[in-house]
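> Please find one structure pasted underneath; my questions will follow.
Numbering (the working numbering), first residue to last: 19 to 320.
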């Protein structure tokens with residue numbers, strides 16, 4: 019099949035690499051325009067844009083979806099993976115078989131922009147990927163394929179993204195085979211849930227929650243936008259933590275004991291901090307930060 023791929027983040031790379039090795043033709047890559055990135059705000063193209071350039075594949079970076087129409091007319095299908103732009107129905111209808119989307123949840127659960135983060139935030143034990151036909155609704159189209167995986171309780175959002183990305187090739191392959199055989203997708207059924215976009219304020223840690231909820235919060239929001247609290251009125255990010263069932267501390271109270279750093283949570287629970295990012299510094303082991311902070315005892319985060 020003659021395909022287009024509309025994608026922006028690195029989770030698309032496993033599927034792109036797989037497509038390149040198949041009999042399918044990647045005729046076009048569509049990605050978001052170059053944007054300022056990093057502390058220096060240097061204008062850079064997306065990871066997918068770099069991939070297309072390295073493989074000498076035609077790439078377009080439209081500022082608006084209407085710029086796409088002339089590029090889509092000779093394509094059998096377009097696969098979208100984290101493209102980040104809602105496309106109108108008149109664009110979705112141009113390729114012969116329309117647009118497919120690789121979504122990182124088991125639809126209809128977690129429709130929306132942040133399915134991976136929401137699954138971790140809610141303590142889900144399983145998730146997966148879904149390939150479905152794009153339509154004007156938010157992740158409501160009929161389903162071609164789904165793959166389910168267990169969630170490792172230690173995974174953070176970027177690790178779960180990486181694991182789900184590995185399932186992209188198999189899920190896309192099944193969908194393309196169905197299209198080639200004329201098999202129609204199945205309408206979504208069951209209870210739908212929403213996975214709305216994450217805000218920085220939402221990523222703030224509430225230590226009044228139970229230790230399990232706080233750890234899930236940290237897992238969900240590492241590293242984007244970053245689970246954070248306050249230390250001396252400055253942002254203090256926590257990038258890794260585990261539940262501790264032994265320490266009894268008040269909410270937000272810090273304790274250093276036996277070369278470990280603990281923080282009190284709600285319901286008489288606590289967590290052990292493993293890695294942190296103090297304001298203006300790089301990520302470091304939490305106990306190293308505690309040594310440098312010269313804690314006296316009784317201090318609190320939050």
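Ideal placement from N, C-alpha and C gives every residue a C-beta, glycine not left out.
#1: Assess contact between the region 109–121 and the region 68–79, defined as three or more Cβ pairs (one per stretch) separated by less than 8 Å. Is contact present?
#2: I'd like to know whether the C-beta atoms of residue 228 and residue 287 end up nearer to each other than 8 Å.
#3: So residue 272 is in the beta strand (DSSP E); what residue range does that whole segment cover?
#4: Assuming the contact rule is C-beta atoms closer than 8 Å, residue 226 and residue 284 should be a hit. Round their C-beta distance to whole Å, please.
#5: When the Cα of residue 62 is compared with those of 53, 245 and 258, which residue comes out closest?
#6: Three or more C-beta pairs under 8 Å: does that hold for the region 233–244 against the region 145–161?
#7: Could you give the C-beta distance for residue 26 and residue 141, rounded to a whole number, given that I count them as a contact under 8 Å?
#8: Relative to the C-alpha of residue 180, which candidate in 32, 224 and 20 has its C-alpha closest?
#9: Output the boundary residues of the alpha helix (DSSP H) element that contains residue 33.
#10: By the 10 Å Cβ neighbour count, where 16 or more other Cβ atoms means buried, how is residue 157 classified, buried or exposed?
#11: With 16 other CB atoms within 10 Å as the buried threshold, where does residue 133 fall?
#12: Whole angstroms is fine: what's the gap from residue 166's alpha carbon to residue 147's?
#13: According to DSSP, simplified to helix, strand and coil, what is residue 252?
#14: Are residue 257 and residue 240 closer than 8 Å when you measure CB to CB?
#15: What's the C-alpha gap between residue 263 and residue 95?
#16: Give the C-beta separation of residue 22 and residue 90 to the nearest angstrom, bearing in mind that I take them to be a contact with Cβ-Cβ under 8 Å.
#17: Nearest to residue 104 by alpha carbon, out of 49, 64, 183 and 124?
#18: Round the Cβ separation of residue 289 and residue 259 to the nearest angstrom and send it over; I've been treating them as touching at under 8 Å.
Let's see:
#1: Inter-segment contact for the region 109–121 and the region 68–79 is absent: fewer than three beta-carbon pairs are separated by less than 8 Å.
#2: Annotated as proximal: residue 228 and residue 287, with beta-carbon spacing under 8 Å.
#3: Note, residue 272: beta strand (DSSP E), 272–275.
#4: With a Cβ gap of about 4 Å, residue 226 and residue 284 count as contacting.
#5: Closest option to residue 62, Cα to Cα, is 53.
#6: Three or more beta-carbon pairs separated by less than 8 Å are not found between the region 233–244 and the region 145–161, which leaves the two stretches without contact.
#7: At roughly 28 Å, the Cβ-Cβ gap does not stay under 8 Å, so residue 26 and residue 141 are not in contact.
#8: Ranked by how close their Cα comes to the Cα of residue 180, the residues 32, 224 and 20 have 32 in first place.
#9: 31–38 is the extent of the alpha helix (DSSP H) around residue 33.
#10: Residue environment analysis places residue 157 among the buried positions, since at least 16 neighbouring C-beta atoms fall within 10 angstroms of its C-beta.
#11: Label assigned to residue 133: buried.
#12: Take the alpha-carbon of residue 166 and the one of residue 147: they are about 7 Å apart.
#13: Strand, per DSSP.
#14: The answer is yes: Cβ separation under 8 Å.
#15: Cα to Cα, residue 263 sits roughly 52 Å from residue 95.
#16: Confirmed, Cβ separation roughly 7 Å.
#17: Checked all of 49, 64, 183 and 124; the closest Cα to residue 104 is 49.
#18: 5 Å between Cβ atoms; contact.
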